[in-house]
Each structure stands twice: as structure tokens, then as C-alpha cells.
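Visitor:
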Amino acid sequence: MLRALLAALCLLLAAPAHAAVNGNAVIDTILERGGAAVRAYDPAQPLAAATEFSALYFDVFEASGMELDLGMKDSSLKTELEVLFGALNGNAMRGAPRPELERAWTALSARLEDARALYADETAITGTGAFFQSLLILLREGAEAMLVVGALAAYLRRAGAADRVWVIYAGVGVAIPLSLLTGWAIGGVLASTGASLAVAEGVTMLLAAAVLFYVSCWMFSKREARRWEQWVAGQVDKALDDGSLFALGAAACLAVYREGAETVLFYQALAAAAPGQGAAIAAGCGAAAALLVGLYFLMRRAALRLPFRLFFGATAALLYAMCVVFVGHGIIELQAAAWVGSTWLPGFPHVSWLGVAPTREGLAAQGALAALPLAWWALTRTRRPATHEPAR
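Counting the sequence shown from 1 gives a position; the working numbering is that position plus 13.
Here you go:
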């Protein structure tokens with residue numbers, strides 16, 4: 014896996030170069046044009062303002078490369094700006110009263126000014142700076158994927174199916190080149206406006222969430238089976254049929270792919286911001302890859318020491334939690350692309366690493382998912398315990 018990541022980095026550094034981003038100029042353009050659109054906004058005829066806000070996101074913020082460059086510098090701030098762009102556009106599209114639109118615009122303007130501070134120092138990135146930025150990019154983007162991959166592989170080993178862990182590795186092996194191709198196509202060949210990237214990220218995250226939902230529920234059903242250890246010893250083939258193995262491989266593939274394409278674009282942005290620092294970037298990526306592989310083996314070792322029932326329950330809970338996070342991130346991306354409506358809730362906290370955004374739609378989706386296990390637990394408490402047969 015480590016060699017594959019390093020080979021992937023060599024390929025992406027050979028991809029078409031991007032011009033360095035002039036963040037201050039991009040912010041000035043957004044503030045000038047956005048302010049004019051807000052002043053001209055008419056709730057009775059909101060289409061013109063909605064069109065302009067959408068253009069500012071896709072044709073200015075994303076197409077200029079600032080979205081990716083800012084994601085490299087401050088991922089949480091980038092995500093918050095996506096949420097605020099989606100809220101602003103959502104208010105305009107539904108013809109919200111002017112005070113609501115102005116409130117969303119004020120919040121977006123303030124965060125854009127915060128982003129400006131990241132572009133105040135135009136000093137070239139040194140080799141040391143490029144190394145640590147490269148290290149942090151892969152650690153930040155790869156940690157979630159490695160948690161999923163590690164949990165799935167550990168599950169197969171604990172289920173007595175160590176010979177089938179290759180399915181997980183195959184999923185990762187498919188995701189890495191697919192991520193490279195997607196990132197290269199979006200960043201170099203297609204000269205995307207950004208809409209395709211936002212939609213692709215959103216759809217991929219929701220697909221990954223759906224697969225993780227299935228896999229986590231499937232694992233938890235195994236945890237509830239009586240005498241699981243004796244049962245699995247004789248029926249591993251039945252428990253891990255072709256459909257279940259495919260789901261495990263797909264979960265690993267989507268977990269890696271959902272972050273992979275954006276990671277490629279982040280590295281391209283870093284290469285543009287740090288010309289001549291390819292060796293430092295490669296070294297940072299290699300160090301991060303080694304740390305992620307170390308995390309994988311640490312999880313593998315720890316999983317073998319946990320009690321069987323606790324391991325299955327904890328693994329199912331981890332994957333279900335990742336499902337909830339993926340749904341939040343997916344909705345944020347689709348709201349930014351105007352595929353999903355966005356009803357902004359001023360004052361509600363934004364927690365980027367949990368995918369929690371202050372919008373009614375995102376909170377409703379994540380809240381419903383988070384409530385399902387509680388509803389299931391409450392339902393089972395009202396019933397008498399019954400004999401459970403191992404689920405297929």
C-alpha cells in the first residue's frame with residue numbers, strides 16, 4: 014500500500030501544473046459582485062441573484078483554484094465557506110426575505126475576510142514548509158479512510174476469514190488509481206468549473222454512507238447471534254457469501270476514493286504554491302503514508318486483543334458513525350452544487366470533522382441516522398428476548 018501511494022504521488026506531480034492562486038483578488042471579486050447582487054436582490058424575482066451567487070461559487074471561488082488552495086491551508090474554513098455559499102444561494106433560490114439573505118451574506122463576507130489573512134504572507138513556501146503541508150494533507154484526508162479499511166480488515170481476521178482480506182486490499186487498489194484519474198481529469202484535462210467536482214464528491218460520499226450503513230448493520234447482526242464463536246467456526250463460508258464480500262470491498266474502495274480525488278487536487282495546489290519543492294512534497298507524502306500504514310497495523314494488533322463481542326459491537330459502531338459523518342459531508346457538497354436545498358440556521362455550530370453544518374437539511378439527515386440505533390434499541394426493549402439465528 015505504501016509503494017502504491019508513493020507511485021501515485023509521482024504521477025500526480027507529473028500532472029499539468031496549476032497557476033498559483035491570488036486569494037486576495039478572488040476575495041475582492043466575490044465581495045464586489047456579491048455585494049452588488051445583494052443590493053439588487055428582489056424576493057419577488059430572485060433568479061438573477063441566485064444565478065450570480067452560483068456563478069461566484071463555481072466560476073470564481075472554485076474555478077480560480079481558491080477552493081482547493083484554501084482546503085490545503087485550512088480545510089475547516091473551506092468547508093464552512095461551502096456551507097455559507099450554499100445557504101446564500103438557497104435563500105436566494107427560495108425568495109427568502111431580504112433580512113435573511115443579508116444575514117447569510119454578512120456571515121459569508123466575514124469568513125472571506127478571515128480567509129484573506131491566510132493570503133497576507135506571499136513568501137514562497139520553503140522545503141520544510143512543503144514537507145509538513147504535504148504530511149498534513151495526507152494524514153488529514155487519509156485518516157478516516159484508514160480507520161474504515163483497518164476496521165474491515167480486522168473484522169475479517171476476527172471472523173476466521175483472514176484469507177479473504179485480499180478483498181479489502183483489492184478495494185483500496187481500485188480506489189487509488191481511480192482517484193488519480195478523477196483528480197487528473199478534473200484538474201487538468203476537463204478544466205472543470207468546479208460543479209462536477211462538488212457533485213462527484215457529494216454523490217460518492219452518499220454512496221459510501223449507504224454501503225457503510227449496510228455493512229455496519231450486517232456486522233451488528235452478527236454480534237447479536239448466539240454462540241457466535243462456535244457458529245462462525247463452522248459457517249464462515251455462509252456468513253461471508255459473495256454479496257457480503259463485495260459490500261466489504263466496496264466499502265473500502267469508496268472510503269478511499271471519496272477522499273482520494275480531492276487529495277490529488279490538494280497536492281497539485283501545493284505543487285503550484287511551492288515550485289521546485291517536489292522532493293519535499295514527496296517526502297512528506299511518504300512520511301504520512303508510513304504513519305497511516307502504522308495506524309493500520311496498530312488497529313490490527315489491538316483488534317486481536319479485544320473480547321469478541323466487544324470488537325464486533327465497536328467495529329459496527331465505528332462504521333455507523335462514519336456513515337453519519339459521510340452523509341453530512343455529502344449533503345454539504347450537494348448543497349454547494351445547488352443539488353440540495355439549504356436552509357441556514359444562524360448561530361448553530363459548524364463542526365467540520367463531524368460533517369455537522371448549520372443547515373436544516375443536513376442536520377435532519379444526520380439526526381435521523383443517529384436516531385435509528387436508539388429507536389431500534391427502544392423497540393427491542395419492549396419485546397421479549399427471542400432466539401436469534403445467525404443472519405445471512
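Cβ atoms here follow ideal geometry from the backbone N, Cα and C, with glycine treated the same way. Computed from a prediction, not measured in an experiment: that's the story for all the values here.
Is there contact between the segment 180–191 and the segment 256–276, where contact requires at least three CB pairs shorter than 8 Å?
Guide: Verdict: yes, contact present.
Visitor: Where LEU385 and PRO190 are concerned, what is the direct C-alpha to C-alpha distance, given to the nearest angstrom?
Guide: As a working mapping, residue 385 is identified with position 372 in the sequence shown. As a working mapping, residue 190 is identified with position 177 in the sequence shown. The alpha-carbon atoms of LEU385 and PRO190 are separated by roughly 35 Å.
Visitor: In terms of residues, what are the limits of the alpha helix (DSSP H) holding VAL4?
Guide: Residue 4 cannot be examined here, being either before or after the span of the chain that is shown, 14 to 405.
Visitor: Do LEU90 and ALA128 have their C-beta atoms closer together than 8 Å?
Guide: Position 77 of the sequence shown, counted from the first residue, corresponds to residue 90. Position 115 of the sequence shown, counted from the first residue, corresponds to residue 128. Yes, they are a contact pair.
Visitor: So if DSSP puts TRP357 in a beta bridge, which residue, or which two residues, is it bridged to?
Guide: Sequence index remark: in the sequence shown, residue 357 carries index 344 (1-based). DSSP, once it has assigned bridges, lists THR372 as partnering TRP357.
Visitor: DSSP puts VAL364 in a beta bridge; with which residues?
Guide: Within the sequence shown, residue 364 is the residue found at index 351, counting from 1. Per DSSP, VAL369.
Visitor: Does DSSP put PRO386 in a helix, in a strand, or in coil?
Guide: Here residue 386 refers to the residue found at position 373 of the sequence shown. Looking at PRO386 - three-state DSSP - the assignment turns out to be helix.
Visitor: Where do the ends of the alpha helix (DSSP H) carrying SER192 lie?
Guide: On the sequence shown, position 179 is the one that residue 192 refers to. Element bounds for SER192: 179–197.
Visitor: Could you check whether the segment 315–333 touches the segment 220–236, counting it as contact only if at least three pairs of C-beta atoms, one from each stretch, sit closer than 8 Å?
Guide: Because the criterion of three Cβ pairs below 8 Å is met, the segment 315–333 and the segment 220–236 touch.
Visitor: Between LEU60 and ALA50, what straight-line distance do the alpha-carbon atoms span, to the nearest angstrom?
Guide: As a working mapping, residue 60 is identified with position 47 in the sequence shown. As a working mapping, residue 50 is identified with position 37 in the sequence shown. The straight-line gap from Cα to Cα measures roughly 11 Å.
Visitor: Shortest alpha-carbon distance to ALA198 belongs to which of VAL277, TYR54, LEU69, ALA296?
Guide: As a working mapping, residue 198 is identified with position 185 in the sequence shown. ALA198 has its Cα closest to that of VAL277, out of VAL277, TYR54, LEU69, ALA296.
Visitor: Which stretch, first to last residue, makes up the alpha helix (DSSP H) that contains VAL306?
Guide: Residue numbering aside, residue 306 sits at position 293 when the sequence shown is read from its first letter. Where VAL306 is concerned, the enclosing alpha helix (DSSP H) stretches over 291–316.
Visitor: Could you give the C-beta distance for ALA167 and MET312, rounded to a whole number, given that I count them as a contact under 8 Å?
Guide: Residue mapping note: residue 167 aligns to position 154 of the sequence shown, counting from 1. Residue mapping note: residue 312 aligns to position 299 of the sequence shown, counting from 1. Confirmed, Cβ separation roughly 6 Å.
Visitor: With a threshold of 16 other CB atoms inside 10 Å of the CB of GLY390, please say whether the residue is buried or exposed.
Guide: Here residue 390 refers to the residue found at position 377 when the sequence shown is read from its first residue. The residue you asked about is not Gly; residue 390 is Trp in the sequence shown. Burial call: exposed.
Visitor: By alpha-carbon positions, which one of LEU376, GLU346, GLU214 ends up nearest to ALA274?
Guide: Locating residue 274 in the sequence shown gives position 261, where the first residue counts as 1. Answer by Cα proximity: GLU214.
Visitor: Do the CB positions of ALA100 and SER365 come within less than 8 Å of each other?
Guide: Here residue 100 refers to the residue found at position 87 of the sequence shown. Here residue 365 refers to the residue found at position 352 of the sequence shown. The answer is no: Cβ separation not under 8 Å.
Visitor: Let me check understanding here. Comparing Cα to Cα, which of PHE71, LEU358, LEU319, ILE345 lies closest to THR217?
Guide: Your numbering for residue 217 matches position 204 in the sequence shown. Comparing Cα-Cα distances from THR217 to each of PHE71, LEU358, LEU319, ILE345, the minimum goes to ILE345.
Visitor: DSSP state of ALA76, grouped into three classes?
Guide: To locate residue 76, count along the sequence shown from 1; it is residue 63. Here ALA76 sits in coil by DSSP.
Visitor: Rounded to the nearest angstrom, what separates LEU114 and GLU65 at their Cα positions?
Guide: For the purposes of this step, residue 114 is identified with residue 101 of the sequence shown, where counting begins at 1. For the purposes of this step, residue 65 is identified with residue 52 of the sequence shown, where counting begins at 1. Each residue's Cα considered, the two are about 14 Å apart.
Visitor: Take VAL369 as the anchor and find which of PHE279, VAL353, GLY343 has the nearest alpha-carbon.
Guide: Stepping through the sequence shown from its first residue, residue 369 is reached at position 356. Residue GLY343 is the option with its Cα nearest to VAL369.
Visitor: In terms of residues, what are the limits of the alpha helix (DSSP H) holding TYR168?
Guide: Indexing the sequence shown from 1 puts residue 168 at position 155. Where TYR168 is concerned, the enclosing alpha helix (DSSP H) stretches over 140–171.
Visitor: For the candidate residues LEU225, ASN104, ALA158, whose alpha-carbon lies nearest to that of LEU382?
Guide: Counted from its first residue, the sequence shown places residue 382 at position 369. For LEU382, the nearest C-alpha among the options comes from LEU225.
Visitor: Would you mind reading off the limits of the alpha helix (DSSP H) that contains ALA61?
Guide: In the sequence shown, counting from the first residue as 1, residue 61 sits at position 48. Unbroken alpha helix (DSSP H) run through ALA61: 60–68.
Visitor: Is ALA68 near ALA62, with beta carbons less than 8 Å apart?
Guide: The residue you call residue 68 lines up with position 55 of the sequence shown. The residue you call residue 62 lines up with position 49 of the sequence shown. Against a cut-off of 8 Å, the Cβ pair of ALA62 and ALA68 comes out as no contact.
Visitor: In three-state DSSP terms, what is ALA53?
Guide: For this step, residue 53 is matched to residue 40 along the sequence shown. Reduced to three states, the DSSP call for ALA53 is coil.
Visitor: For the alpha helix (DSSP H) containing LEU97, name the first residue and the last one.
Guide: By 1-based counting over the sequence shown, the position of residue 97 is 84. Start and end: 88–106.
Visitor: Using alpha carbons as the reference points, say which of ASP87, ALA120, PHE71 lies closest to LEU358.
Guide: Working through the sequence shown from its first residue, we reach residue 358 at position 345. Among ASP87, ALA120, PHE71, the Cα nearest to that of LEU358 belongs to ALA120.
Visitor: What is the C-beta distance between ARG124 and GLU93, in whole angstroms, given that I count them as a contact (C-beta under 8 Å)?
Guide: Counted from its first residue, the sequence shown places residue 124 at position 111. Counted from its first residue, the sequence shown places residue 93 at position 80. Between GLU93 and ARG124 the Cβ distance is about 6 Å, and since that is below 8 Å, they are a contact.
Visitor: For a test of the three-state rule: what should DSSP assign to ALA378, helix, strand or coil?
Guide: Within the sequence shown, numbered from 1, the residue matching residue 378 stands at position 365. Of the three classes helix, strand and coil, the one that applies to ALA378 here is helix, per DSSP.
Visitor: Quick one: grab the DSSP three-state call for VAL34.
Guide: By one-based count along the sequence shown, residue 34 stands at place 21. DSSP places VAL34 in coil when its eight states are reduced to three.
Visitor: Less than 8 Å between the beta carbons of LEU305 and MET106, yes or no?
Guide: Here residue 305 refers to the residue found at position 292 when the sequence shown is read from its first residue. Here residue 106 refers to the residue found at position 93 when the sequence shown is read from its first residue. Their beta carbons are not under 8 Å apart, which means LEU305 does not touch MET106 by this criterion.
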